[in-house]
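So the sequence lines, in the order shown, correspond to chains A and B. So the mapping is simple: my numbering equals the position in the first sequence, first residue as 1, plus 22. So the mapping is simple: my numbering equals the position in the second sequence, first residue as 1, plus 69. The beta-carbon is built from N, C-alpha and C at its ideal position, and this holds for glycine as well. Read the structure below first, then the notes.
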Amino acid sequence: MEHFTPISAAIGGFLIGLAAIGYLYFNGKTCGISGIVEGFVPPFSPELPERALFVGGLFAGGALLSIFYPLAYTFDFGYPLYYNVIGGLLVGFGTRFGGGCTSGHGVCGVGRLSIKAIVATLVFLLTGIATASIVHLLGGL
Amino acid sequence: MHRYLSAFLCGTLFALGLGISQMTRPPKILGFLNVAGDWDPTLLVVMAAATMTYFIGYHFLMDQQIKACYEAKIAKGEVIKARTLIGAAIFGLGWGLIGLCPGPAVTDLISGKLGVIVFVTAMLAGMYPVKYFDSRV
């Protein structure tokens, strides 16, 4: 059972927003992770080095977390491994078909008050909540 | 600052934000998305803090030239199309099933967990047809 952790949530959320604004200021781009990751799918995007360095940063941050804040990686998946396959395919296809994810639409788009991003975010929140709740009630797929 | 360095630093800061808020933990995400169980609104607070920070930065502190250049660049993409809604719906399906989305998933790769590696591989595979067809248009 997970407990409400509003203080670390606010601190972490602030850092996410700060990173995203920094990426716009210094790199002139939307801090959308699905878009950055898509660069590694062929045909490879021309700005691969810049994307690779952002992902490298995610790894560096992750390394710091694993040393100083191991709670961040303390979890198990509640379902069999094939759920990760299905989930991954849906997330991969859906984020790029829809042009964004929780960071691109949810943080950056909503932060800009983009109607498109707000609508997209509401849609994936809705289907996300519906899916998680129904699967929980059914005890699985 | 050179954009390669800023990309790296922003990525690092982003991951730290995800980890500190526990958005790297699928049970935490599902704790919010699953409204039929013990509900944990933490994700809402994270989203609110992140979007408010971005909002203030974008509307009050951003260099006007950078903002104008950016808005010109993204203008064409600001239209809501059918694929915007369908894609978002499908993304939500996957997200609600496993509690992972791209940012946390890539950040979680450092943990070496098999489930994360499988997810990220499948995610890249799922992106491929979209990238392929978009590049042919």
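Residue i (DSSP reduced to helix, strand or coil)
i	result
SER67 (chain A)	coil
TRP108 (chain B)	coil
VAL145 (chain A)	helix
MET92 (chain B)	coil
GLU24 (chain A)	coil
ASN103 (chain B)	coil
MET131 (chain B)	coil
LYS138 (chain A)	helix
PRO198 (chain B)	helix
VAL148 (chain B)	coil
PHE76 (chain A)	helix
GLY84 (chain A)	helix
MET70 (chain B)	coil
LYS182 (chain B)	coil
ASP98 (chain A)	coil
CYS123 (chain A)	coil
TYR91 (chain A)	coil
CYS170 (chain B)	coil
GLY50 (chain A)	coil
LEU103 (chain A)	coil
VAL206 (chain B)	coil
LEU113 (chain B)	helix
GLY34 (chain A)	helix
LEU162 (chain B)	helix
Residues of its chain near residue i, where Cβ-Cβ distance is below 6 Å and the 5 sequence neighbours each way are ignored
i	result
LEU37 (chain A)	none
LEU99 (chain B)	GLY168
GLU60 (chain A)	ARG118
HIS7 (chain A)	Look at the range of chain A in this structure, 23 to 163, and you will see that residue 7 (chain A) is not part of it.
SER67 (chain A)	GLY61
GLY165 (chain B)	LEU102
ILE58 (chain A)	ARG73 and PHE76
Cβ shell of residue i (< 7 Å), same chain only, five flanking positions each side left out
i	result
HIS127 (chain A)	ALA139, ALA142 and THR143
VAL189 (chain B)	ALA174, VAL175 and LEU178
LYS51 (chain A)	TYR45
ALA158 (chain B)	none
ILE43 (chain A)	none
GLY56 (chain A)	A small fix is needed here, since residue 56 (chain A) is Ser in this sequence, not Gly. Around SER56 (chain A): THR117, ARG118, GLY122, CYS123 and GLY126.
VAL185 (chain B)	ALA174, ASP177 and LEU178
MET196 (chain B)	none
SER30 (chain A)	none
For residue j and residue i, believed in contact at Cβ under 8 Å, the rounded distance
i	j	result
PHE160 (chain B)	VAL113 (chain A)	6 Å
ALA32 (chain A)	ALA118 (chain B)	5 Å
SER125 (chain A)	GLY172 (chain B)	5 Å
GLY35 (chain A)	VAL114 (chain B)	7 Å
LEU78 (chain B)	THR149 (chain A)	About 34 Å separates the two Cβ atoms, so there is no contact after all.
PHE48 (chain A)	SER75 (chain B)	3 Å
GLY83 (chain A)	PHE83 (chain B)	7 Å
GLY39 (chain A)	THR120 (chain B)	7 Å
GLU24 (chain A)	ASP109 (chain B)	4 Å
SER204 (chain B)	PRO65 (chain A)	5 Å
GLY120 (chain A)	GLY156 (chain B)	2 Å
Sequence-distant residues of the same chain with beta carbon closer than 8 Å to residue i, five excluded per side
i	result
THR111 (chain B)	SER90, GLN91, LYS97, GLY100 and PHE101
LEU69 (chain A)	According to the sequence displayed, residue 69 (chain A) carries Glu and not Leu. Excluding sequence neighbours, GLU69 (chain A) sits near GLY61.
With three or more beta-carbon pairs closer than 8 Å as the criterion, would you say the segment 68-82 of chain A touches the segment 122-133 of chain B? no
Does the segment 101-117 of chain A touch the segment 100-107 of chain B, meaning 3 or more C-beta pairs lie closer than 8 Å? no
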